[in-house]
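Enquirer: Taking this note's numbering as reference, the numbering of the sequence shown is continuous, increasing by one, and the terminal residue is 364.
Here it is, the structure in full.
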Amino acid sequence: MSSAFDVSMMRRALFYAARGQGRTTPNPMVGAVVVASDGVIVGQGWHARAGEPHAEVHALGEAGERARGGTIYVNLEPCCHVGRTGPCTRRIIDAGIGRVVAAMTDPDPRVSGNGFGELRAHGVLVEDGLMANEATKLNAAFVMVKRLQRPLVLVKAATSLDGRVAERVGARTQITSEAANRRAQSLRAAVDAIAVGSETVLVDDPLLTTRAVHRVRPLVRVVFDRRLRTPPTARLFSTLSEGPVIMITDRRDGEPADRARALEGAGGEVVVAASLVDGLRRLLAWDVSTLLVEGGPRLQAAFCEAGVVDRLHLVVSPRPLGAAGLPWLSGDTLSREALTDLVAEPRGPDTWIEADVHRHR
């Protein structure tokens, strides 16, 4: 039976784990807290970047000999395989830890209960499942990649009060306030990749970079462009130092072949995919675990219809654009019943709405 102290320590581990947001892909976010046998916290740590020491290693290193006979709290099952770093189970056993409290089982098939099994085989008491929902939500992208072999998909849209995304078809329209735009930049900084459709590139010619927000990892930019309409002069090719630009198409032979070569000459990478879902899976080759789909409405509708939208970020302006405006989505594309854990908060004059989408599950 978990105590109130156990819960408080797991909250602490989750707090440290969240420090890795936007940094650890393709690894999960993990935090660890070591408590000595007398109940004193003697070590804390978090996984900062793939290829660097795991959270348990940092926490045990800080604890030193005081870890012996103590408890380690960790939000994910300790790894038991050799990757870019050694197995954390061995570090825990060698440190003399007597008890491991974990929030969830690692969905990686190389671990998936084997880490707990190894610890138990060496006499370590293992308790798992404490705050499992919170831990699963924190590492939803990692879980998605391991279980469905695709990135976690976030859709972000900005609409007027009457549900329009532009004053008219083909018109570049500023809808949201500076306060909402700052929140949007923070969201970009937290994901692995941004996606738009070719129509957005043709109309807005966006840079698809982060501004006024620090990023540790390169930002992958993705254009879903079936007909390869994106011009090689598009501004996003001028920002290749920020990260790769990937064009996802469903054909390369025939007339589009010249366009593909032109885009590759501009620095893009052309990927042929059999479907939208196939395109998502191919992005894993670039360590994309989270994909933010920013535009436009046609591409976002395609993601909704394919059942691969996992979270919605909707920014609503208090001003209407009128009947001539371009609608966002039709009423039946994404129903209110598909949304859970809905939260709304003000961002300047705008309202920022977040919700999980569960229609595909």
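From the three backbone atoms N, C-alpha and C, an ideal C-beta is built for every residue, glycine too.
Remember, predicted model here, so these are calculated numbers, not experimental data.
#1: Taking the alpha helix (DSSP H) that V291 falls in, what are its first and last residues?
#2: Between the beta-carbon of P352 and the beta-carbon of W331, is there less than 8 Å?
#3: Helix, strand or coil: how does DSSP classify D253 here?
#4: Skipping 5 residues on each side, what residues in its chain have a beta carbon closer than 6 Å to that of M147?
#5: Can you give me the C-alpha to C-alpha distance between R22 and R150, rounded to a whole angstrom?
#6: Helix, strand or coil for L315, going by three-state DSSP, please let me know.
#7: When the Cα of C82 is compared with those of E65, I75, G116, which residue comes out closest?
#8: Does the stretch 157-164 come into contact with the stretch 178-187, if we say contact requires no fewer than three beta-carbon pairs (one atom in each stretch) closer than 8 Å?
#9: With 16 as the cutoff for other CB atoms within 10 Å, does G73 come out buried or exposed?
#10: Distance check for I197 and P247, CA to CA, integer angstroms please.
#11: Just to confirm the assignment, what range does the alpha helix (DSSP H) spanning Q303 have?
#12: Okay, do the stretch 313-325 and the stretch 277-289 touch, 3+ Cβ pairs below 8 Å being the bar?
#13: Please confirm if the stretch 123-139 is in contact with the stretch 100-108, defined as three or more CB-CB distances below 8 Å between the two stretches.
#14: Using a Cβ-Cβ cutoff of less than 6 Å, which residues in the same chain neighbour T92 once the five nearest sequence positions on both sides are dropped?
#15: Under the DSSP definition of a beta bridge, which residues are partnered with F227?
#16: Could you tell me the boundaries of the beta strand (DSSP E) in which A347 lies?
#17: Taking 7 Å as the limit between beta carbons, can you name the residues of its chain near G126, skipping five residues before and five after?
#18: Do you know whose CA, among W289, V319, A326, lies nearest R153's CA?
#19: Determine the extent of the beta strand (DSSP E) in which D353 is found, giving its start and end residues.
#20: Given a cut-off of 8 Å, decide if V45 and V37 are closer than it, judged by their beta-carbon atoms.
#21: Measure the alpha-carbon distance for L359 versus A143 and round it to whole angstroms.
#22: H363 by DSSP, collapsed to three states: which one?
#23: If I measure Cβ to Cβ from A347 and keep anything under 6 Å in the same chain, skipping five residues before and after, which residues do I get?
#24: Is it true that the CB of L222 sits closer than 8 Å to the CB of T212?
#25: Starting from L155, trace the beta strand (DSSP E) both ways and give me its first and last residue.
#26: Considering only C-alpha positions, which residue in the set R113, W49, E68 is nearest to A62?
#27: Taking the CB atoms as reference points, tell me whether R224 and G25 lie closer together than 8 Å.
#28: Please name the residue, chosen from E55, R262, A192, R230, that lies closest to A215 on a Cα-to-Cα basis.
#29: Closest Cβ-Cβ distance between T162 and chain C: below 8 Å?
#30: Looking at the structure shown, is D208 part of a helix, part of a strand, or coil, going by DSSP?
#31: Determine whether the beta carbon atoms of V168 and V204 lie at a separation below 8 Å.
#32: Starting from G34, follow the beta strand (DSSP E) in both directions and report where the run begins and ends.
Expert: In this structure, then:
#1: Unbroken run through V291: none, as it is neither H nor E.
#2: No, these two residues do not count as a Cβ contact at 8 Å.
#3: Here D253 sits in coil by DSSP.
#4: L155, listed in sequence order.
#5: Between R22 and R150, the alpha-carbon positions lie close to 24 Å from each other.
#6: Of the three classes helix, strand and coil, the one that applies to L315 here is strand, per DSSP.
#7: Checking every option, the nearest Cα to that of C82 belongs to G116.
#8: Taking 8 Å as the limit for Cβ pairs, the verdict is that the stretch 178-187 does touch the stretch 157-164.
#9: With a threshold of 16 other beta carbon atoms within 10 Å, G73 meets it and is buried.
#10: Going from the Cα of P247 to the Cα of I197 covers about 11 Å.
#11: Element bounds for Q303: 300-308.
#12: Taking a cut-off of 8 Å for Cβ pairs, the stretch 313-325 and the stretch 277-289 do not touch, as fewer than three such pairs fall below it.
#13: Yes: at least three Cβ pairs fall under 8 Å.
#14: Listed in chain order, the non-local C-beta contacts of T92 below 6 Å within the same chain comprise P81, C83, G118, E121, L122, local neighbours out to five positions each way being set aside.
#15: Answer is G200, I251.
#16: For A347, the uninterrupted beta strand (DSSP E) run begins and ends at 342-350, by DSSP.
#17: Hits under 7 Å: none found.
#18: For the set W289, V319, A326, the Cα lying nearest the Cα of R153 is the one of W289.
#19: 353-360 is the span of the beta strand (DSSP E), which, as asked, contains D353.
#20: For V37 and V45, yes; Cβs fall inside 8 Å.
#21: Sequence check: residue 359 is Asp here, not Leu. Going from the Cα of D359 to the Cα of A143 covers about 11 Å.
#22: Unreliable positioning characterises H363 in this predicted model, as indicated by a pLDDT of 45, which lies under 50. The coordinate reading is nonetheless provided below. For H363, the three-state secondary structure derived from DSSP is coil.
#23: Closer than 6 Å at Cβ, skipping near neighbours: T354, I356.
#24: Yes, the pair counts as a contact, with Cβ atoms nearer than the cut-off.
#25: For L155, the uninterrupted beta strand (DSSP E) segment begins and ends at 155-162.
#26: The shortest Cα separation from A62 among R113, W49, E68 belongs to W49.
#27: Cβ atoms of R224 and G25: not closer than 8 Å.
#28: Looking at the Cα atoms, A192 is the closest of the given residues.
#29: Absent from the structure: chain C. Only one protein chain is present.
#30: In the structure shown, D208 falls within a coil segment according to DSSP collapsed to helix, strand and coil.
#31: The Cβ atoms of V168 and V204 do not sit closer than 8 Å to each other.
#32: From DSSP, the beta strand (DSSP E) with G34 extends over 34-38.
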